[in-house]
Ligand code: 5GP
Ligand code: MN
């Protein structure tokens, strides 16, 4: 027999504790959506754990509440779980995914990814819309739907998340809802301050690595693909983490004629995290799905085993295949 499904609005009135988790190698939307919910839940008197398997990116730590994040799972199980922006429950991280898989506690999902097909099998309640420019906008819709009042802290978290996932309202996910919500939040936040925190407090070492990486971009497939590698040795040399190279791929995509940019970030010898950014025809999510990954039409990723040169061959193949369609 199917257990009766829990809904978040009821849980907020009837439970004492919650755990919120975003995805591995979290980005601004994952952090902002998590922190916004953290404030909402604590406002209801719920003892809330803000958990992440991987460190929050340095340039989103300014969001009030982000400092509450813990990287260890609490010993006591929460009354319910919330997963945000993860694409699938697996991408929350191994330990938390295992814990949720065996748990009978309610699980709630907020997401705007296309790749995960049957969230109802894992979650009790699903807030999913792949047309939303950011997961944080689904948090905003939930608050609106129930008439929960906006606060300055929640506004900063949502504003930062939307700015992050739309690249400052530039990506093709940018839409009327994103502008409307930001315009509403302007009553609570300083837009310039948030933009400056996200994009204009770059460590010098990151800029120096960027210069190195930009110089190394390879144009493939007759200029339709721009590819580069980030090695572990480079990150070690500059004492930087993955959060410092997240934005580099935009420079590769920005080159005229490039339809797809691919970043190969070395995880281990012969093992890469591949990030794809496309414009025009190339469906990055579809290609990433073929390699066991996922994402959105214009921003997706997967893991790749092989050398960087083999990766470049793969890119040539992918572009050749997509071009004849
Ligand atoms: P990024 O390149 O910034 O890591 O990810 C771009 C987009 O693709 C994000 O929406 C992210 O969630 C998704 N993505 C990246 N890697 C993976 C992956 O391995 N699996 C899935 N399902 N989605 C991914
Ligand atoms: Mn997102």
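In the numbering used here, the protein residues as written are 446 to 770. Ideal Cβ positions, reconstructed from N, Cα and C, are used throughout, including at glycine. Values in this document were obtained by computation on a predicted structure and should not be read as measured data.
Residue i: CB within 7 Å of a non-hydrogen atom of ligand 1
{"i": "residue 691", "result": "yes"}
{"i": "residue 746", "result": "yes"}
{"i": "residue 663", "result": "no"}
{"i": "residue 536", "result": "yes"}
{"i": "residue 533", "result": "yes"}
{"i": "residue 720", "result": "yes"}
{"i": "residue 591", "result": "no"}
{"i": "residue 739", "result": "yes"}
{"i": "residue 468", "result": "yes"}
Residue i in three-state terms, based on DSSP
{"i": "residue 522", "result": "coil"}
{"i": "residue 446", "result": "Confidence in residue 446 is poor, its pLDDT being 40 and thus under 50, which makes the residue's placement unreliable; the coordinate value appears in the next sentence. If DSSP states are grouped into helix, strand and coil, residue 446 belongs with coil."}
{"i": "residue 765", "result": "helix"}
{"i": "residue 434", "result": "It is not possible to answer for residue 434, since the shown part of the chain is limited to 446 through 770."}
{"i": "residue 570", "result": "strand"}
{"i": "residue 701", "result": "coil"}
{"i": "residue 624", "result": "helix"}
{"i": "residue 617", "result": "coil"}
{"i": "residue 636", "result": "helix"}
{"i": "residue 605", "result": "helix"}
{"i": "residue 510", "result": "coil"}
{"i": "residue 452", "result": "coil"}
{"i": "residue 547", "result": "helix"}
{"i": "residue 610", "result": "helix"}
{"i": "residue 727", "result": "coil"}
{"i": "residue 534", "result": "helix"}
{"i": "residue 595", "result": "coil"}
{"i": "residue 648", "result": "coil"}
{"i": "residue 655", "result": "helix"}
{"i": "residue 752", "result": "coil"}
{"i": "residue 681", "result": "helix"}
Residue i CB to nearest heavy atom of ligand 2 below 7 Å
{"i": "residue 530", "result": "yes"}
{"i": "residue 649", "result": "no"}
{"i": "residue 585", "result": "no"}
{"i": "residue 579", "result": "yes"}
{"i": "residue 574", "result": "no"}
{"i": "residue 557", "result": "yes"}
{"i": "residue 499", "result": "no"}
{"i": "residue 610", "result": "yes"}
Any non-hydrogen atom of ligand 3 within 7 Å of residue i CB
{"i": "residue 472", "result": "No copy of ligand 3 appears in this structure; the ligands present are ligand 1 and ligand 2."}
Those residues which DSSP pairs with residue i across a bridge
{"i": "residue 641", "result": "DSSP lists no partner for residue 641."}
{"i": "residue 720", "result": "708, 746"}
{"i": "residue 528", "result": "466, 554"}
{"i": "residue 492", "result": "462"}
{"i": "residue 674", "result": "709"}
{"i": "residue 739", "result": "746"}
{"i": "residue 423", "result": "With the chain running from 446 to 770 in the structure shown, residue 423 is simply not present."}
{"i": "residue 515", "result": "496"}
Beta carbon proximity, residue i to chain C, threshold 8 Å
{"i": "residue 559", "result": "Annotation note: the requested chain C is absent from the structure, which comprises a single protein chain."}
Take every Cβ of the segment 517-536, pair it with every Cβ of the segment 448-465, and state whether three or more of those distances are shorter than 8 Å.
yes
So does the segment 484-497 actually touch the segment 614-625, counting three or more Cβ pairs closer than 8 Å?
no
Determine, using beta-carbon pairs with one atom in the segment 473-481 and one in the segment 656-667, whether at least three such pairs fall under 8 Å.
no
Should the segment 632-642 be called in touch with the segment 668-680, which here means at least 3 C-beta pairs below 8 Å?
no
Does the pairing of the segment 685-693 with the segment 721-736 give three or more beta-carbon distances under 8 Å?
no
Can we say the segment 475-485 touches the segment 577-590, given the rule of at least three CB pairs closer than 8 Å?
yes
Assess contact between the segment 732-746 and the segment 679-691, defined as three or more Cβ pairs (one per stretch) separated by less than 8 Å. Is contact present?
no
Three or more beta-carbon pairs under 8 Å between the segment 507-514 and the segment 588-608, yes or no?
yes
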